[in-house]
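This report refers to the structure that appears directly beneath it.
Number of protein chains: 2
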Amino acid sequence: MFGHSRWRSPGRRWPFVRRELSQLQVVIAAPEPGCDSYPRLASSEAYHLTITEPVAILKADEVWGALRGLETFSQLVHEDDYGSFLVNESDIYDFPRFAHRGILLDTSRHYLPLKSILTNLDAMAFNKFNVLHWHIVDDQSFPYQSIYFPELSNKGAYSYNHIYTPTDVRLVIEYARLRGIRVIPEFDTPGHTQSWGKGQKDLLTPCYNGEQPSGSFGPVNPILNSTYDFMTKFFKEISSVFPDAYIHLGGDEVSFDCWKSNPDVKEFMKEQGFGIDYAKLESYYIQKILDIVSSYNKGYMVWQEVFDNKAQLKPDTVVEVWMANNYAHELSSVTKAGFTAILAAPWYLDYISYGQDWKKYYSVEPLNFPGSEKQKKLLIGGEACLWGEFVDATNLTPRLWPRASAVGERLWSSSNVTDLQDAYKRLSNHRCRMLRRGIAAEPLFVGYCAHEARGW
Amino acid sequence: MFGHSRWRSPGRRWPFVRRELSQLQVVIAAPEPGCDSYPRLASSEAYHLTITEPVAILKADEVWGALRGLETFSQLVHEDDYGSFLVNESDIYDFPRFAHRGILLDTSRHYLPLKSILTNLDAMAFNKFNVLHWHIVDDQSFPYQSIYFPELSNKGAYSYNHIYTPTDVRLVIEYARLRGIRVIPEFDTPGHTQSWGKGQKDLLTPCYNGEQPSGSFGPVNPILNSTYDFMTKFFKEISSVFPDAYIHLGGDEVSFDCWKSNPDVKEFMKEQGFGIDYAKLESYYIQKILDIVSSYNKGYMVWQEVFDNKAQLKPDTVVEVWMANNYAHELSSVTKAGFTAILAAPWYLDYISYGQDWKKYYSVEPLNFPGSEKQKKLLIGGEACLWGEFVDATNLTPRLWPRASAVGERLWSSSNVTDLQDAYKRLSNHRCRMLRRGIAAEPLFVGYCAHEARGW
């Protein structure tokens, strides 16, 4: 994916003949989409780049493919020792292997200033990622400033400074759009919602200590009508604020302890005939949320537990597989049941270790799970996840890049591009390129970038 | 070490009475050292800080103690919710537990721009570190621009841009001095010297493949007079460029394979009666280097193998213990033999892992090794080492801080300051303080700093 060496046309011997490239013509075939439209899962990112003098031509069906081709063109240009800019004659037909290539950023465990998010969007474009999975709120804080429910961030954010206003959110979405990147927000319920409870009365389940409320709260309370009234209004807002066709609804790691302690919940379980199977209660809740979101004509993504716990899902639900333990089996089950899947499990980049862990991420073959051709087609991509427990603006960029670049290439390039030594060379060059472009990508190993300046 | 809560005088109830502090008087007892002198191992860093209105008094024997006291004073000042700056009445007598509290930076595996080094010196001062162990050259590159031997960096640096000129080195030393920080350069020989060989003919041992030279080179060639002529001149320069009383001479990880392959070296071994004990050859070499450096009235530090391999050492040699395996035993042996020791083994901060590894560094008790009181006194401190294989300017600061702060407190504060919960609170505050001061210290765990700004 990165670097020019692979694109050198065999049979031509550079630099015996140097010619001038005077122009790059960009031709977009599709009359639609217009300038105000957004990238979609079904968008074409294919492009055909022909570099010959004096005019290079970049052809794409859609503007999104043209963006990818321009990125490639910019990576093909290199500077020689005399300061001239060169590009080899090339003929490239390129397109992504997977349609969904995402980066998850978590703005709840730590607040990320807008600048960090925008810089990361730049880096994503340099690495041909096309989805920002914005894990915007969680237990720890609620930085999203809601229009209908301003108390959620007033009380649930770390402070009045640690919020994303509607203007901020619009800026992120527009900055992403201009780079061909979808923004899929995640509003994870019913678990991971402690911060929601601060600004929204009666939303969370009161936990009990024997006969008495303990004073602490559990997941969203699934037995109250008020919960669904709130969610209806809340997701109406979210559906209109975020233009993408998908919303991520979370659904992971729901602890049943608090529900089990609450006498009203127990009574409700009995009425519904759920017995003591709290996964049924979770599914009951999730089903209602899915219905709400569907009614706004949005598709949804969910974490794998929603599938595991047998919530009834719309056929086009996207299930995100995150548990590292036996994820191939999970991919097999999800796709066998006919659901679209996204793979995140092997790419939790918040986990760090000494050395070159990019090789591990690079070596994953997403389609290496048991299943039919039809099943394989249901795996539409993957995500590199940088959860925020130990990450904020101080270390986000070097922790994410170039480690995520390895995931980016895996998701874009052909399955047979697997040579680690070759990848190392191209990644090292690409890392220096990112540095030149203002992305503080950390080194892969010992060495240097030619452009690095001495002193200040 | 960090934060104000511990210093609040018992018996006084703040903020019932608010008074004005109009002045901080600094009194330095010693007429010497004058302004142009450098911090030394024997420098006093003790200070006595009395904060009462209207005049606070900071007393110290030497300017170095006054610097530490000013740092403490700056950390005691805090801002209330209304923007007033407050400081509690306090009476603090403070001094370091260990005299040598170092940070090792490696500028060979990756070049660090001057700015990174200076920023790190600021951070060191904020954390009361007093030694920069500058691992300036190694196998990978030779960024030190020598006055006598300019070819060393001309050919051994990554490029002409990846060097430290004499002016750069003077700037680092002066910037450090103003913060009470000694700069101890390391010129590691006879191993770790591949980059030296590029600019200095015949310095390295030619390795053999059977009867023939293989074309590759091993450690410094210990059998040639020219080697010692070079080293005599080279260390004369180093002794004059670096004002500190100590030079670190390395001596670690010397591979004997190349020496063993070389027929001239084998012949020399026979002549000297070393048999096949190449550790004796290593000691022979080291002994000569020590004699050279001693002749310039410099003391020296060495890595533990120099002691392990039984080189004859001057009694005041400082032995740095770095091997993680059984370092307590090594500390015991080194001090039993009467040598001064520095502990680095448990504080290799280049090793990273997921989570709060600062706790591990914080929990080390350096004196927890078998030995007499006299032996314990020979352990004069420790160093946090950030080796550069995977570190450059992009990630140095967040990788080093606040993890090194844990080591800093361990080396400064009393041995009974061990409470992790208490340390967590103070470290978190201190990390926010570092951020405000321009040090991109990474987060310890989830949370936020009050001053963090929204948006850009």
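Line order of the protein sequences matches chains Y and D. Mapping of the first sequence onto the UniProt record's numbering: position 324 corresponds to residue 324, and the numbering continues sequentially without gaps. Mapping of the second sequence onto the UniProt record's numbering: position 423 corresponds to residue 423, and the numbering continues sequentially without gaps. The C-beta atom is built at its ideal place from N, Cα and C for all residues, glycine as well.
Cβ atoms of residue 250(Y) and residue 195(Y): under 7 Å apart, would you say?
no
Using a Cβ-Cβ cut-off of less than 7 Å, list which residues of the stretch 385-419 of chain D approach chain Y; keep chain order.
389, 390, 392, 394, 395, 398
Assign residue 82(Y) to buried or exposed, taking buried as 16 or more other Cβ atoms, counted over all protein chains shown, within 10 Å of its Cβ.
exposed
Ends of the alpha helix (DSSP H) at residue 124(D)?
114-126
To which residues of the same chain is residue 113(Y) closer than 7 Å at the C-beta, ignoring the five residues directly before and after it?
393
Counting only Cβ pairs nearer than 7 Å, list the residues of chain D close to residue 315(Y).
Going along chain D, no residue has its Cβ under 7 Å from residue 315(Y), so there is no contact; the nearest lies around 37 Å.
What does residue 472(D) touch in chain Y if you count any residue whose Cβ is under 9 Å from its own?
No statement about residue 472(D) is possible, as the shown extent of chain D runs from 1 to 456 and does not include it.
Environment of residue 126(Y) [buried if 16+ CB atoms lie within 10 Å]:
buried
Let's test the definition: count the other Cβ atoms within 10 Å of the Cβ of residue 120(D) and tell me whether it reaches 16, buried, or not, exposed.
buried
Nearest CA to the CA of residue 136(Y): which residue from 151(Y), 167(Y), 351(Y), 104(Y)?
104(Y)
Quick check on the DSSP output: the beta strand (DSSP E) that includes residue 303(D) runs from which residue to which?
299-303
When burial is assigned at 16 or more other CB atoms within 10 Å of the CB, is residue 138(Y) buried or exposed?
buried
Three-state class that DSSP yields for residue 223(D) in the structure shown:
coil
Would you kindly check if the distance between the Cβ of residue 369(D) and the Cβ of residue 332(D) is under 7 Å?
yes
Rounded to whole angstroms, what is the Cα-Cα separation between residue 185(D) and residue 324(D)?
23 Å
Which residue comes first and which comes last in the alpha helix (DSSP H) that contains residue 405(D)?
403-412
Would you mind working out which of 287(Y), 203(Y), 217(Y) sits nearest residue 209(Y), comparing C-alpha positions?
217(Y)
Anticipated Cβ contact below 8 Å, residue 228(Y) with residue 288(Y), distance rounded
6 Å
Beta-carbon neighbours of residue 109(Y), restricted to chain D and to distances below 7 Å:
446
For a test of the three-state rule: what should DSSP assign to residue 216(Y), helix, strand or coil?
strand
Alpha carbon to alpha carbon, how far is residue 448(Y) from residue 141(D)?
10 Å
Simplified DSSP assignment, three categories, for residue 97(Y):
coil
Could you name the residues of the same chain whose beta carbon sits closer than 6 Å to that of residue 428(Y), not counting the 5 residues immediately before and after it, in chain order?
444
Assigned secondary structure, residue 239(Y) (DSSP; H/G/I helix, E/B strand, else coil):
helix
Does residue 82(D) get closer than 7 Å to chain Y when you measure Cβ to Cβ?
no
Exposure of residue 19(Y), with buried meaning 16 or more beta-carbon neighbours within 10 Å
exposed
Which residues in the same chain have their Cβ closer than 6 Å to the Cβ of residue 211(D), if we skip the five residues on either side of it in sequence?
none
Stretch-stretch touch, CB-based, cutoff 8 Å, three pairs: the stretch 276-293 of chain Y with the stretch 225-244 of chain Y
yes
Can you say whether residue 25(D) is buried or exposed, counting buried as having 16 or more other CB atoms within 10 angstroms of its CB?
exposed
Answer yes or no: does any C-beta atom of chain Y fall closer than 7 Å to that of residue 352(D)?
yes
When the Cα atoms are used, what is the spatial distance from residue 356(Y) to residue 402(D)?
23 Å
Return the residues of the stretch 140-166 of chain D that lie within a Cβ-Cβ distance of less than 7 Å from chain Y, sorted by chain order.
140, 158, 159, 161, 162, 163
Would you verify that the beta carbon of residue 279(Y) is, or is not, closer than 7 Å to some beta carbon of chain D?
no
Every unbroken alpha helix (DSSP H) inside the stretch 152-176 of chain D [4 residues or more]
none
Beta carbon of residue 69(Y), beta carbon of residue 49(Y): below 7 Å?
yes
Less than 7 Å between CB atoms is the rule here; does residue 442(Y) satisfy it with respect to chain D?
yes
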